[in-house]
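The sequence shown begins at 16 in the numbering used here and counts up by one.
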Amino acid sequence: MAYSLYDASIKMANGALGSLDRILTIAEEKPNSETFISARLVEDMNPLSFQVYYATLSAESVAALLSGQEYEPQSSEIGNYEEMHSRIARTLEQLKKVDKEKANEIGETLIMTDTPQGRQEAPVKHVITIRHMPNLYFHVGMAYAILRKEGVPLGKRDWIRPYLSEFT
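Structure (structure tokens):
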């Protein structure tokens, strides 16, 4: 079976959000875990709560694009672990609703998108693989890095394991 746009986006987004949910669960167990929500790698970067917001925003965008639907973002207000886990769960539900056949067909559809050169037409598959998936990985990675900086005992297995379940 060929590796498809659905595999490269929906399955990988499931893995990324599973990883994010897992590392947040581990972080929550620390006695000072509430301080992590506003923690940053460096002062001019966004906090953990924003990383969760933008990771889910990226995955939601992928789900909407591959379903041929308009994207309606969730609120950016995230103040505690319950809200972070809930947002991830809602996003995972959106990803589950994406039809594999439709997703693979819609990849060639041209849409208008913002680029550094201005508004341009591009295939859905390019918008997903060049913009949304890299953003998803970046923000999950930043969440991991913030939590490591704060002393949360995370390892590579905590990051990788959720991805593996998508392909076994």
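C-beta: ideal position from N, C-alpha, C; glycine also.
With a threshold of 6 Å on Cβ separation, who are the neighbours of residue i within its own chain once the five nearest residues in sequence on each side are excluded?
i: Arg55; result: Pro62
i: Tyr21; result: Lys115, Ala118, Asn119
In chain order, what residues of the same chain have a beta carbon less than 8 Å from the beta carbon of residue i, not counting five sequence neighbours either side?
i: Glu43; result: Tyr96
i: Glu136; result: Leu125, Ile126, Met127, Thr128
i: Tyr86; result: Glu75, Ser76, Ala79, Leu80
DSSP state of residue i, grouped into three classes?
i: Ala137; result: strand
i: Asp129; result: strand
i: Thr124; result: coil
i: Ser90; result: coil
i: Gln84; result: coil
i: Met60; result: coil
i: Ala54; result: coil
i: Asp173; result: helix
i: Tyr18; result: coil
i: Ser180; result: coil
i: Gly166; result: coil
i: Asp114; result: coil
Here's the rule: buried if 16 or more other CB atoms are within 10 angstroms of the residue's CB, otherwise exposed. What is residue i?
i: Lys111; result: exposed
i: Ser91; result: exposed
i: Asn47; result: exposed
i: Thr130; result: exposed
i: Lys140; result: buried
i: Gly30; result: buried
i: Met127; result: exposed
i: Met60; result: exposed
Name the residue from the options whose alpha carbon lies nearest to the alpha carbon of residue i.
i: Leu125; options: Lys115, Met157, Pro131, Ile143; result: Ile143
i: Thr50; options: Lys26, Gly30, Ser64; result: Ser64
i: Ser154; options: Glu58, Val67, Lys45, Met60; result: Reading the sequence as shown, one finds His at residue 154 and not Ser. The shortest C-alpha separation from His154 is found at Val67.
i: Ile121; options: Lys171, Gly166, Leu81, Asn47; result: Leu81
i: Leu151; options: Ala17, Tyr18, Arg105, Met27; result: Met27
i: Glu165; options: Ser19, Ile25, Lys45; result: Lys45
i: Gln84; options: Val113, Met60, Ile103, Asp59; result: Val113
Among the residues of its own chain, which have a CB less than 7 Å from the CB of residue i, if the five just before and after it don't count?
i: Leu169; result: Ile38, Ile41, Tyr159, Leu162, Arg163
i: Gln109; result: Glu75, Ala78
i: Glu23; result: Looking at the sequence provided, one finds Ala at residue 23 rather than Glu. Hits under 7 Å: Thr144.
i: Gly156; result: none
i: Pro88; result: Leu72, Glu75
i: Tyr18; result: none
Under 7 Å: does the beta carbon of residue i sit that close to some heavy atom of the ligand SAH?
i: Ala79; result: This structure lacks the ligand SAH, and indeed carries no ligand of any kind.
Does the stretch 46-60 come close enough to the stretch 152-170 that 3 or more CB-CB pairs lie under 8 Å? yes
Three Cβ pairs or more, each shorter than 8 Å: is that satisfied between the stretch 167-177 and the stretch 27-46? yes
Check whether the stretch 90-107 and the stretch 63-75 touch, using three or more Cβ-Cβ pairs below 8 Å as the test. yes
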